[in-house]
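Report on the following structure.
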Amino acid sequence: MRTVHAVPAPQAPVLLEANDVSITIPTSGGIVTPVDHVSLTLRSGEVLGIVGETGSGKTVTCRSLLGLMPSAEARHTGSVTYPGVMDENVLDAGRGVMRKHWGTYISMIPQNPMTSLNPVHRIGDQIAEAIAAHSSMPKPQRFDRIVELMTRVGIPNPQKRMRDYPHQFSGGMLQRTLIAIALAGDPRVLIADEPTTALDVIIQDQILSLLVELQRDLGTSLVLVSHDLSVIAQVCDRVAVMYGGQVVELAETATLLHTPRHPYTNALLRSLPGAVPRDQPLTAISGSPPRLIDLPDTCRFRPRCTFADEGCSTWTTQLLVAGGASSPASVRCRRHQEIELQPPSRSGQETPPRSSLVEPMDFWAAR
Amino acid sequence: MAWIAIIGRRLVQMLPIIFGITIVSFVLIRMVPGDPASLILGNHYTPEAATQIRLNLGLDQGVLAQYWIFVTNALSGQFGHSYSLNASVGQLVSDGLGPTLFLIAQAGLFTAVIAIPTGLYVGLHRGGIADQGSRVFLLIGYALPSFLLGVLLILVFGVKVPILPISGFGEGFLEHVQHLILPSITIAIPFSTVLVRSLRASVIETLDADYVTTALLKGVSWRRVVSRHILRNAGMKVVVVFGVNLAFLVGGTVVIENVFSIPGLGSLLVNSVSTRDYPVVQGLTLLFALFVLAANLLTDLVHVAMDPRLAAA
Chain Y
135 MRTVHAVPAP
145 QAPVLLEAND
155 VSITIPTSGG
165 IVTPVDHVSL
175 TLRSGEVLGI
185 VGETGSGKTV
195 TCRSLLGLMP
205 SAEARHTGSV
215 TYPGVMDENV
225 LDAGRGVMRK
235 HWGTYISMIP
245 QNPMTSLNPV
255 HRIGDQIAEA
265 IAAHSSMPKP
275 QRFDRIVELM
285 TRVGIPNPQK
295 RMRDYPHQFS
305 GGMLQRTLIA
315 IALAGDPRVL
325 IADEPTTALD
335 VIIQDQILSL
345 LVELQRDLGT
355 SLVLVSHDLS
365 VIAQVCDRVA
375 VMYGGQVVEL
385 AETATLLHTP
395 RHPYTNALLR
405 SLPGAVPRDQ
415 PLTAISGSPP
425 RLIDLPDTCR
435 FRPRCTFADE
445 GCSTWTTQLL
455 VAGGASSPAS
465 VRCRRHQEIE
475 LQPPSRSGQE
485 TPPRSSLVEP
495 MDFWAAR
Chain D
-15 MAWIAIIGRR
-5 LVQMLPIIFG
5 ITIVSFVLIR
15 MVPGDPASLI
25 LGNHYTPEAA
35 TQIRLNLGLD
45 QGVLAQYWIF
55 VTNALSGQFG
65 HSYSLNASVG
75 QLVSDGLGPT
85 LFLIAQAGLF
95 TAVIAIPTGL
105 YVGLHRGGIA
115 DQGSRVFLLI
125 GYALPSFLLG
135 VLLILVFGVK
145 VPILPISGFG
155 EGFLEHVQHL
165 ILPSITIAIP
175 FSTVLVRSLR
185 ASVIETLDAD
195 YVTTALLKGV
205 SWRRVVSRHI
215 LRNAGMKVVV
225 VFGVNLAFLV
235 GGTVVIENVF
245 SIPGLGSLLV
255 NSVSTRDYPV
265 VQGLTLLFAL
275 FVLAANLLTD
285 LVHVAMDPRL
295 AAA
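First to last, the sequence lines map onto chains Y and D.
Okay, so the first sequence: first residue is 135 according to our numbering, each after it adds one.
Okay, so the second sequence: first residue is -15 according to our numbering, each after it adds one.
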């Protein structure tokens, strides 16, 4: 699954811009903040990774990019815009407005393919619905388009399989179907929310390869959400690391892997079998991630951080600019310049990362 | 092929149930105190005459022998003669079947017309004014006894504002419909509260389904998402509730038919029980039970037709 794709020029037009997005949900137990002042940009042709533990706000963040709120009670501040296409705030726009952009400008590949297709409609009909949503092509042409899409995503025997119902498909085939649905309107932006989590390891690799191949061939921009840093490392141009609803570090993939600036990123790398040389021990991050209820303004990683000092308990966090003009990065750590992080060394590197059983990959070689 | 197998399997499963029903219906009416002979004779009662009548009706034979006669006759389609009415059970049932089926069909239709839009709307607008307000009406509609509701409707639409007939069945299709409006409403109101609740819950659950998000993100209209994905899937569960309750309506019509003097099976049943008309009661009990079974079978088939996952099993 080695992929060497062109890194988009920095001048490539911005397709999606999230500006200081916060989402809060009032509950009886307190205010939950799954997304806390998140800013992201996605350029044309770029693959942006969002990595973080379960409960770090990845899913809510990427659904907000489509204008989907976690519940009717959820409140938001900040804005998401699609520059040049929709300057109105996506978070404020209703279903009626968003409908014009869903499928044609931005599509989502869901986390759980098993529950994401309607069990009572045929596979072909569900793809046809996505085609018909934005074009009124006559039936024979629509049929050809279904076959074309199913072939494109690697579903064998499409003329026959399109008459099947979802329960007759395997998880991998369902995810391929959902990718076909996402692609039906030729969108410019794809949001893939942990697209391989629900699949078994071998299928994960196939689906990921398919996604990367499609992204490259179609020139689509991709936001790839994962809790697996080795997946992100293989595929993405830039990575946002999320912790406790916040982006704690945002940098180009190579920069992030070689010179992590946030203690959390560093700790993640040191716990990754593929990144740590075989003769060095893996280090677990002690403690557990914060619950997203009534969080303080101070650093959320502090209780688990080995570099924290007294100043950290009073510092109101903010994203600080780090790195030079050649490799810009932002990091949410007040001590990022003083502390000396020790990322896993690449010397003696020979272990393939966990996620690539089919085609072992040198974790560092692609970069 | 799958269909034939499903129907065949269900029919075979029904046989022991039907056998059980014949025993229950046979035993129950005989456990009720009261002697048919003395009820038939009334003021002309003499012990000799009573013995003669019992002899004629076959009531002098042992219970097992009577049951055997009942079952063998039933298998050949004979349910005997009524004791009190001068007609065969088959004749009485076929006379009453029309009004009763008509009433059930019209009540079922009214229920669907009330419940589907209401349940869908309050489910889609959970917590809204309609949702909050409908709860009060649901509770009242559910708690109000149907005979009271029937009498109230008669009072309002038959006496105060006499615009609708309040009793009988009329002649011809249009008159039938007209005569059954009030009885159907009486049945439909409590029945639809059950359906509104279940459809509302089902719609709310379906709204959160991942496939609804998928459909929405295709960019299709909300109306289409609602009809093709939300109502279609939520309806699947509600069809079962509808079918099961429709079967129980047969029993419910007994009261309604008496309130509105409809010459259906319900009125016939009440009459026959009070005169200890064993053959009629037995025949009707069996028929009602068969109706429940048929309604269940039909419900299952509709459910299978709506859910492709069941057709494969």
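All C-beta atoms in this analysis are idealised placements derived from N, C-alpha and C, irrespective of residue type, glycine included.
Since the structure is predicted, the reported quantities are computational estimates derived from the model, not experimental observations.
{"Check": "Pick from Y/PRO407, Y/PRO397, Y/THR249 that is closest to Y/ARG466, judged by C-alpha positions", "Outcome": "Y/PRO397"}
{"Check": "Y/LYS234: contacting residues in chain D (beta-carbon distance under 8 Å)", "Outcome": "GLY203"}
{"Check": "Neighbour-count burial assignment, Y/LEU150, 16 or more Cβ in a 10 Å radius", "Outcome": "buried"}
{"Check": "C-alpha distance - D/ASN280 paired with D/VAL225, whole-angstrom precision", "Outcome": "10 Å"}
{"Check": "For Y/PRO247, three-class secondary structure by DSSP", "Outcome": "helix"}
{"Check": "Residue ranges of each alpha helix (DSSP H) within the segment 158 to 203 of chain D, 4 or longer", "Outcome": "165 to 191, 194 to 201"}
{"Check": "Distance between beta carbons of Y/VAL214 and Y/ALA146, contact taken as under 8 Å", "Outcome": "That belief does not hold up - the Cβ atoms of Y/ALA146 and Y/VAL214 are roughly 19 Å apart, past 8 Å."}
{"Check": "Beta-carbon proximity of Y/HIS210 to Y/GLN380, cut-off 8 Å", "Outcome": "no"}
{"Check": "Local Cβ density within 10 Å of D/LEU(-5), reported as buried at 16 or more and exposed below that", "Outcome": "exposed"}
{"Check": "Secondary structure, beta strand (DSSP E): runs of 3+ residues fully inside the segment 219 to 284 of chain Y", "Outcome": "240 to 243"}
{"Check": "Reduced DSSP category for Y/GLN471 - H, G, I as helix; E, B as strand; rest coil", "Outcome": "coil"}
{"Check": "Within chain Y, the residues that D/ALA218 reaches when beta carbons sit closer than 8 Å", "Outcome": "Within 8 Å Cβ-Cβ: nothing; D/ALA218 doesn't reach chain Y, min ~11 Å."}
{"Check": "First and last residue of the uninterrupted beta strand (DSSP E) at Y/THR175", "Outcome": "164 to 177"}
{"Check": "Proximity test, Cβ basis, 8 Å: D/ILE(-10) and chain Y", "Outcome": "no"}
{"Check": "Inter-residue spacing [alpha-carbon to alpha-carbon] between Y/SER360 and Y/ARG350", "Outcome": "19 Å"}
{"Check": "Among Y/ARG436, Y/PRO478, Y/SER464, the one whose alpha carbon lies nearest that of Y/LEU416", "Outcome": "Y/PRO478"}
{"Check": "Beta-bridge pairing of Y/ALA385 - partner residues as DSSP gives them", "Outcome": "Y/VAL373, Y/ALA463"}
{"Check": "CB contact flag (Y/ILE427, Y/ILE165, <8 Å)", "Outcome": "yes"}
{"Check": "Span separating the alpha-carbon of D/ILE240 from that of D/THR84", "Outcome": "10 Å"}
{"Check": "Residues from the segment 154 to 177 of chain Y in contact with chain D, defined by Cβ distance under 9 Å", "Outcome": "none"}
{"Check": "Distance CB(Y/ILE184)-CB(Y/ALA374) smaller than 8 Å", "Outcome": "yes"}
{"Check": "Whole-angstrom C-beta distance between Y/ILE257 and Y/PRO300, which should lie under 8 Å", "Outcome": "7 Å"}
{"Check": "Three CB pairs or more closer than 8 Å across the segment 190 to 197 of chain D and the segment 216 to 228 of chain Y", "Outcome": "no"}
{"Check": "Per-residue contacts from D/ASP194 into chain Y (C-beta, under 7 Å)", "Outcome": "PRO244, ASN246, THR249, SER250"}
{"Check": "As assigned by DSSP and simplified to three states, the class of Y/SER213", "Outcome": "strand"}
{"Check": "Residues bridged to Y/ASN153 [DSSP beta-bridge criterion]", "Outcome": "Y/SER213"}
{"Check": "Cβ-Cβ distance between D/ASN77 and D/HIS65 below 8 Å", "Outcome": "For the sequence presented, residue 77 of chain D should be read as Val rather than Asn. It is not a contact, given that the beta carbons lie outside the stated cut-off."}
{"Check": "Reduced DSSP category for Y/LEU453 - H, G, I as helix; E, B as strand; rest coil", "Outcome": "coil"}
{"Check": "Status (buried if at least 16 other CB within 10 Å, exposed otherwise) for D/VAL11", "Outcome": "exposed"}
{"Check": "Whether Y/ARG395 touches Y/ALA332 by CB criterion (8 Å)", "Outcome": "no"}
{"Check": "Boundaries of the beta strand (DSSP E) in which Y/LEU182 is found, first to last residue", "Outcome": "181 to 186"}
{"Check": "Opening and closing residue of the beta strand (DSSP E) in which D/ALA71 lies", "Outcome": "Per DSSP, D/ALA71 belongs to no beta strand (DSSP E) and is neither H nor E."}
{"Check": "Classification of Y/HIS470 by the beta-carbon crowding that lies within 10 angstroms, buried from 16 upward", "Outcome": "buried"}
{"Check": "Touching by the beta-carbon criterion (3+ pairs, under 8 Å), the segment 260 to 267 of chain Y and the segment 311 to 319 of chain Y", "Outcome": "yes"}
{"Check": "Neighbourhood of D/ILE24 by C-beta distance below 7 Å, restricted to the same chain and skipping five residues each side", "Outcome": "ILE37, TYR67, SER68"}
{"Check": "Neighbourhood of D/ALA33 by C-beta distance below 7 Å, restricted to the same chain and skipping five residues each side", "Outcome": "LEU25"}
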